[in-house]
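Participant: Residue numbering for the sequence shown follows full-length UniProt numbering, starting at 1 and increasing by one per position. Yeah, the Cβ is synthetic: ideal placement off N, Cα and C, and Gly gets one too. Here the structure is a predicted model, which means the values were calculated and not measured. Sharing a structure, written as structure tokens. Questions coming.
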Amino acid sequence: MALFSVLSRRPWLGWLLVLGVFGGAIGAGVLAGAWAVICRDGRCPSIASLEQYVPRQTSKVYAADGRFITELGLERRTLITLKDIPKHVRDAVIITEDKRFYSHDGIDYFRIFGALARNVRAGSYVQGFSTITMQLARNVFSDRISREKTLLRKIKEARVSRAIERRYSKDKILELYLNQVYLGNGAYGVETASQRYFGKSVREVTVAEAAVLAGLLKGPERYNPRRFADRAILRRNTVLELMRRGGAISNADASLAKAYPLQLAERTESGDVAPYFVEWVRQELEQHFGKRLYAEGLKVYTTLDVDMQTAAERALENQLQAIEAGRHGKYTHLTYEAYLARSAEGGETGAANSPYLQGSFVAIDPRSGAVRAMVGGRDFGDSKFNRATQALRQPGSTFKPIVYAAAVHEGFGPGQVVDDSPIALDQVSGETWTPQNYDLKFMGNMPMRKALYQSRNLAAIRTGLAVGSDAVITMARRFGITTPIPPYPSVFIGSADTYPLQMIGAYSVFANLGLRTTPHSISKVENADGKVVWKPELSREAVLSPEEAWLMVNMMKDVVIRGTGARIWSSGFRVPAGGKTGTTNDGADVWFIGYTADLVAGLWMGFDKPQKIKSNAQGGELATPAWSAFMTEVYRRKPQPPDWPRPDGVIVREIDAATGRLANASCTAELATEFFVQGYEPTKTCTDPSEPSPFTLDSARASVRRDTANPFRLPPD
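Right under this line is the structure:
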């Protein structure tokens, strides 16, 4: 093996050896001798296994309405016979990859000399000499033949390719190759690649499209037409010129094909839908079925709504581009378009932390927990990290409704007076925490309703302190948050990291008037015979009473109408809806999660490596436009749900807004009409003595007995 160590340091010696082995020494039997040494003891694969070789095929994945989404497997491949592959496709591949394919015996000696001369002139490895048969040997026996550019690999490939040529016809070899080769975008074989890029069978592709497919063989990711259209067109035209020179097409046909625009299929037509959602589905299926997933041809029926998915992708991307374009103020970071341009020039891509602004979007049917849309990032090809299911981010003020839900559960009402004034809290570290509101102002006493829709931090912190961190954390767990929540006051304003999917799914409690459903992606799985082999069970849990949840919905509707999310109302969206904006203190995360009676949707925006998005970044400004655009498009196609009916246990009272007490003729402050769970309405008037401080419950309510059958419902006395 010392020889190969020397060759690795001096590649030009290797090329001289290639010349000797494949050239002048062939007649003397040196080639056979080299094979005998290198392939001794079974070190080269036997083609006997090729007799039973069947390329991996895939399971099929379908949307909720039965529409095909994609193929699912280790390799996405649909087999096709050579006679069904058009001649211009075969010609494009042969002329590009191995123009003497039908005349050599697996090794193209003329090509070896040409490659040697070019590499010597270049002083490095710039051109290979693998034939189609040698490529097939490498692809089929990838576990036995290294993909590194070494002399040893070439000798092994040559040995196996000669054996393949002796056993199989040229047409069979070409058929195996065209079904095996990788063509980028997760597609193996020309049939799958044609479907994914052009939305049709390879039987129907034009000459120009055939040249695109053949051009991908040189670099499947580098010439991916979905990511690098200009580069793919240049490569296509090079292939067309080779075909013209080789006599496969006429001058006129070549000119026409070069002028043909690159027309790629919509993702919904090409089996390239919702890649982050599909990967989430694949991971769950693999946990349940293991290797059976890739061997049994399963039919997977998911919860995805294709139209909602495209609407979510469009809404999120349009808003991200608007932010990058400076429509919401000066933006100083690298844009996604600039990143792609840099990538097209050969810059590094696919970094663990994307340098451009990212986002995630999830839409859920709250009645069942069915995930209807999921966007985990801007470019699955560049970054497969799913920011909806894998990213731990601070939820900011989107967590506040859980704090207020705990308060409502403890007997507070929307008219309860809360204190939005400065506070200083001792930390475990010995430091003092002095939280601020976003506007650096303090508004003093105010109703809890106003504190929520104006997203006042100090009021939320005091509310959390009043009900207790244990009660808030317990409520968060009931809402479906499983990530760590330390018992610190900062968690009341969303400092504890969580997954966007969990945070968005938690809002099903509000949409369902107290009932939480767990987000899920799979409806059922059938085997090849159509028999249901798995049907996940739905998970539902009562978290709040209908009366408590209705109060929360009523308060959160004000967020959309006149609060931090008022851009939604002003945009013209009038479907009954509630929600909450979210912004972290450093402007690194912006959120909006909102809901109607039949749809919960939420989005997050930020950088993978947290940093300020822009000066004065706010969820109400940056995130709400995408949410309203999505919901407007959705309800343009589907019936509008009714408003939430007020439960019989919710009553109305006129109160004094300054004290939260019942109003009478002597009250001098502003009066308000407010809702209460029956039995928890105020009993004192604004003029009664011993005015209570904020958060003090009447003694009749302070000792309320919990219902043991449902500890998360407070029954009236």
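In angstroms, rounded to a whole number, what distance separates the CA positions of L240 and R196?
Facilitator: Stepping through the sequence shown from its first residue, residue 240 is reached at position 240. Stepping through the sequence shown from its first residue, residue 196 is reached at position 196. Those two C-alpha atoms are separated by around 21 Å.
Participant: Which two residues bound the contiguous beta strand (DSSP E) that contains F479?
Facilitator: As a working note, residue 479 is residue 479 in the sequence shown. Careful: F479 lies outside any beta strand (DSSP E) and carries neither H nor E.
Participant: Could you tell me which residues DSSP pairs with S360 in its beta bridges?
Facilitator: The residue labelled residue 360 in the question sits at position 360 within the sequence shown. Note: S360 sits in a beta bridge opposite W604.
Participant: Near G494, what residues of its chain come up, given a Cβ to Cβ distance below 8 Å and the 5 sequence neighbours on each side ignored?
Facilitator: Numbered from its first residue, the sequence shown carries residue 494 at position 494. Same-chain partners within the cutoff: Q394, P395, G396, S397, T398, F399, K400, G582 and T584.
Participant: Could you give the distance in angstroms between the alpha-carbon of residue 719 and the alpha-carbon of E431?
Facilitator: Not covered by the structure: residue 719. The range shown for the chain is 1 to 717.
Participant: Unbroken alpha helix (DSSP H) runs of length 4 or more, entirely within the segment 146-190: which are they?
Facilitator: You should have 151-167 and 170-180.
Participant: My parser needs the beta strand (DSSP E) runs of 3 or more residues fully inside the segment 353-420; what are they?
Facilitator: For the segment 353-420, whole beta strand (DSSP E) runs of length 3 or above, ordered along the chain, are 358-365, 370-375 and 417-420.
Participant: Decide if E313 is buried, meaning its Cβ has at least 16 other Cβ atoms within 10 Å, or exposed.
Facilitator: Working through the sequence shown from its first residue, we reach residue 313 at position 313. The residue in question, E313, is buried, as its Cβ has 16 or more Cβ neighbours within 10 Å.
Participant: Kindly provide the ranges of any beta strand (DSSP E) runs that are 3 or more residues long and lie completely inside the segment 424-504, ordered along the chain.
Facilitator: Those beta strand (DSSP E) runs which fall completely within the segment 424-504 and span 3+ residues are 444-447.
Participant: Can you list, in chain order, the residues of its chain whose CB lies under 7 Å from that of M443, leaving out five sequence neighbours each side?
Facilitator: The residue you call residue 443 lines up with position 443 of the sequence shown. If we look at M443 and ignore the five residues flanking it on each side, its Cβ neighbours are D420 and R456.
Participant: For Y339, which of helix, strand or coil comes out of DSSP?
Facilitator: Sequence index remark: in the sequence shown, residue 339 carries index 339 (1-based). It is helical.
Participant: What residue range does the alpha helix (DSSP H) around Y635 cover?
Facilitator: One-based indexing of the sequence shown puts residue 635 at position 635. Here the alpha helix (DSSP H) through Y635 covers T624 to R637.
Participant: Going by the CB atoms, is the gap between L213 and S201 shorter than 9 Å?
Facilitator: Within the sequence shown, numbered from 1, the residue matching residue 201 stands at position 201. Within the sequence shown, numbered from 1, the residue matching residue 213 stands at position 213. No, the pair does not count as a contact, with Cβ atoms beyond the cut-off.
Participant: Identify which residue in K450, A92, G602 and A669 has its Cα closest to the Cα of M631.
Facilitator: Here residue 631 refers to the residue found at position 631 when the sequence shown is read from its first residue. Selected option, being the one with the closest Cα: G602.
Participant: Return the Cβ separation of F479 and V403 in integer angstroms, given the expectation that the two are a contact with Cβ distance under 8 Å.
Facilitator: Residue mapping note: residue 479 aligns to position 479 of the sequence shown, counting from 1. Residue mapping note: residue 403 aligns to position 403 of the sequence shown, counting from 1. F479 to V403, Cβ: 11 Å. No contact.
Participant: Kindly indicate which residue of S429, G468, R387 and V371 has the alpha-carbon position closest to the one of V408.
Facilitator: As a first step, residue 408 is located in the sequence shown; it is residue number 408 there, counting from the start. The option with the nearest alpha carbon to V408 is G468.
Participant: What three-state label does DSSP hand H288 in the structure shown?
Facilitator: For the purposes of this step, residue 288 is identified with residue 288 of the sequence shown, where counting begins at 1. Reduced to three states, the DSSP call for H288 is helix.
Participant: Within 8 Å, do at least three Cβ pairs link the segment 667-679 to the segment 640-656?
Facilitator: Counting Cβ pairs under 8 Å, three or more are found: they touch.
Participant: Alpha carbon to alpha carbon, what distance is there between R138 and Y109?
Facilitator: Taking the first residue of the sequence shown as position 1, residue 109 is located at position 109. Taking the first residue of the sequence shown as position 1, residue 138 is located at position 138. Going by the C-alpha atoms only, they are around 18 Å apart.
Participant: Here's a check: name, in chain order, each residue in its chain whose Cβ is nearer than 7 Å to the Cβ of N251, leaving out the five neighbours to either side.
Facilitator: Your numbering for residue 251 matches position 251 in the sequence shown. Cβ within range, chain order: R244.
Participant: Near W550, what residues of its chain come up, given a Cβ to Cβ distance below 7 Å and the 5 sequence neighbours on each side ignored?
Facilitator: The count along the sequence shown starts at 1 and reaches residue 550 at position 550. Hits under 7 Å: L513, W644, R646, P647 and V650.
Participant: For the putative contact between G184 and Y276, defined by C-beta atoms under 8 Å, what is the C-beta separation to the nearest angstrom?
Facilitator: Residue 184 sits at position 184 when you count from the first residue of the sequence shown. Residue 276 sits at position 276 when you count from the first residue of the sequence shown. The pair is not a contact, with the Cβ atoms about 19 Å apart (cut-off 8 Å).
Participant: Taking Cβ positions, are S161 and G246 nearer each other than 9 Å?
Facilitator: The residue you call residue 161 lines up with position 161 of the sequence shown. The residue you call residue 246 lines up with position 246 of the sequence shown. No, the pair does not count as a contact, with Cβ atoms beyond the cut-off.
Participant: Does the Cβ of Q454 have 16 or more other Cβ atoms within 10 Å, making it buried, or fewer, making it exposed?
Facilitator: Position 454 of the sequence shown, counted from the first residue, corresponds to residue 454. Under this definition Q454 is a buried residue.
Participant: Does the Cβ-Cβ distance between I486 and A496 come in under 9 Å?
Facilitator: Indexing the sequence shown from 1 puts residue 486 at position 486. Indexing the sequence shown from 1 puts residue 496 at position 496. For the sequence presented, residue 486 should be read as Pro rather than Ile. Yes, Cβ-Cβ distance for P486 and A496 is below 9 Å.
Participant: Have a look at the DSSP bridge pairing and note the partners of D656.
Facilitator: Residue numbering aside, residue 656 sits at position 656 when the sequence shown is read from its first letter. Answer is L671.
Participant: Taking one C-beta from the segment 60-72 and one from the segment 283-301 each time, how about it: are there three or more such pairs within less than 8 Å?
Facilitator: Yes, since at least three Cβ pairs between the segment 60-72 and the segment 283-301 fall closer than 8 Å, the two stretches touch.
Participant: Tell me the rounded alpha-carbon separation between I164 and K170.
Facilitator: Translated into the one-based positions of the sequence shown, residue 164 becomes position 164. Translated into the one-based positions of the sequence shown, residue 170 becomes position 170. Their Cα atoms are separated by approximately 10 Å.
Participant: Identify every run of the alpha helix (DSSP H) within the segment 178-266, keeping only runs that are complete inside it and at least 4 residues long; order them along the chain.
Facilitator: The segment 178-266 contains these whole alpha helix (DSSP H) runs: 190-198, 207-215, 229-245 and 251-258.
Participant: Out of P625, P414, R372 and S383, which one is the CA nearest neighbour of D558?
Facilitator: Taking the first residue of the sequence shown as position 1, residue 558 is located at position 558. Nearest C-alpha to D558: P414.
Participant: Using the Cα positions of K684 and D65, report the straight-line distance between them to the nearest angstrom.
Facilitator: Within the sequence shown, residue 684 is the residue found at index 684, counting from 1. Within the sequence shown, residue 65 is the residue found at index 65, counting from 1. Each residue's Cα considered, the two are about 56 Å apart.
Participant: Here's a check: name, in chain order, each residue in its chain whose Cβ is nearer than 6 Å to the Cβ of L320, leaving out the five neighbours to either side.
Facilitator: Here the question's residue 320 lines up with position 320 in the sequence shown. Only L357 and G359 meet the Cβ criterion.
Participant: Which first and last residues belong to the beta strand (DSSP E) in which R661 is found?
Facilitator: For the purposes of this step, residue 661 is taken as residue 661 along the sequence shown, with counting starting at 1. Counting along the chain, R661 falls outside any beta strand (DSSP E), and DSSP gives it neither H nor E.
Participant: Between V281 and S521, which are expected to be in contact by the criterion C-beta below 8 Å, what is the C-beta distance as a whole number of angstroms?
Facilitator: For the purposes of this step, residue 281 is taken as residue 281 along the sequence shown, with counting starting at 1. For the purposes of this step, residue 521 is taken as residue 521 along the sequence shown, with counting starting at 1. So it is a contact: roughly 5 Å between Cβ atoms.
Participant: Around the C-beta of Y102, are 16 or more other C-beta atoms found within 10 angstroms, so that it is buried, or is it exposed?
Facilitator: Here the question's residue 102 lines up with position 102 in the sequence shown. Burial call: exposed.
Participant: How would you label R562, buried or exposed, when you count the other beta carbons within 10 angstroms and need 16 or more for buried?
Facilitator: The count along the sequence shown starts at 1 and reaches residue 562 at position 562. Flag for R562 reads exposed.
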